[in-house]
């Protein structure tokens, strides 16, 4: 029997989850905290805190721009993890999942990486470019530290769906379409909906759908078929819309506009 993790203790429900993604340090660490607080106020259940990376294989142009802004401002894997206690001090209570590519983890070292996560109170980790078959050591360290290792399953994972889903922890990130992240137009295909249904049949944890969710209609559609919705690029776009105001010192106005946009997106 696995011990109840801090992630499970902070997650207050397992259905109708809203899981936003922001890039740590975009446009500044202080604003990341403020955006996280606004997201929590608008009903976010889990926060994906993205670590900016120079070669993000799964990210579309919107998140790439955010990563570039954060990197230019000096953000790193270590600093992103150290932002978690600052989020807590300022009132963020929902689980925080560190979203990072594998190369920075490898550079830091597996054990040191998980020690940092534990010391700074991160509840989960998601590494999109680490294949399930090569994640055994990382998953074992995560379990040892009481940190949820979030798995991803994609439409091209067909023969692996059952294996990945059955070993999922925290929540299962279901990639709705192949390709990179970004806003898309049009409803999900019948194949995508069939895929989500298959994943749910095998998953012991909530199944959340991401990639291409960019409107309230998309959110409503995902809610009909999955346990949660993951939104990244659209949220980054809302942050971008307020960049000029932030640069001019009108942070409060930018935050009010951001809250209004999030409310419209997930109402």
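Residue numbers (our numbering): 1 to 267. Where is the CB? At the ideal position from N, CA and C, for every residue including glycine.
- Bounds of any alpha helix (DSSP H) do not take in residue 173; it lies within the beta strand (DSSP E) bounded by 172 to 175.
- Note: residue 48 is bridge-paired with 21, 97 in the DSSP secondary-structure output.
- Take the alpha-carbon of residue 255 and the one of residue 159: they are about 44 Å apart.
- Counting only runs of at least 3 residues, the region 214 to 240 fully encloses the following beta strand (DSSP E) elements, listed from N- to C-terminal order: 228 to 231.
- Taking 8 Å as the cut-off, the beta carbon of residue 148 is found closer than this to the beta carbon of residue 124.
- Listed as beta-bridge partners of residue 71 by DSSP are no residues whatsoever.
- Secondary structure note for residue 148: its beta strand (DSSP E) is the uninterrupted segment 148 to 153.
- Taking C-beta atoms as the reference points, residue 208 and residue 229 count as a pair closer than 8 Å.
- Counting along the chain, no beta strand (DSSP E) covers residue 9; the unbroken alpha helix (DSSP H) around it starts and ends at 6 to 10.
- In this chain, residue 117 is not harboured by any beta strand (DSSP E); it is covered by the alpha helix (DSSP H) spanning 110 to 120.
- Just measuring C-alpha positions, the residue of 20, 138, 75 sitting nearest residue 37 is 20.
- Looking from the CA of residue 76, the closest CA among 105, 63, 86, 61 belongs to 105.
- As computed with DSSP, residue 208 is found in a beta bridge with 173, 228.
- For residue 261, the enclosing alpha helix (DSSP H) starts and ends at 251 to 266.
- For residue 126, the uninterrupted beta strand (DSSP E) segment begins and ends at 124 to 126.
- Rounded to whole angstroms, the gap between the alpha carbons of residue 203 and residue 33 is 32 Å.
- Straight-line spacing of the CA atoms in residue 170 and residue 150 works out to 6 Å.
- Within the model, the alpha-carbon separation for residue 53 versus residue 193 is close to 31 Å.
- The beta carbons of residue 238 and residue 258 sit about 5 Å from each other, so the pair counts as a contact at 8 Å.
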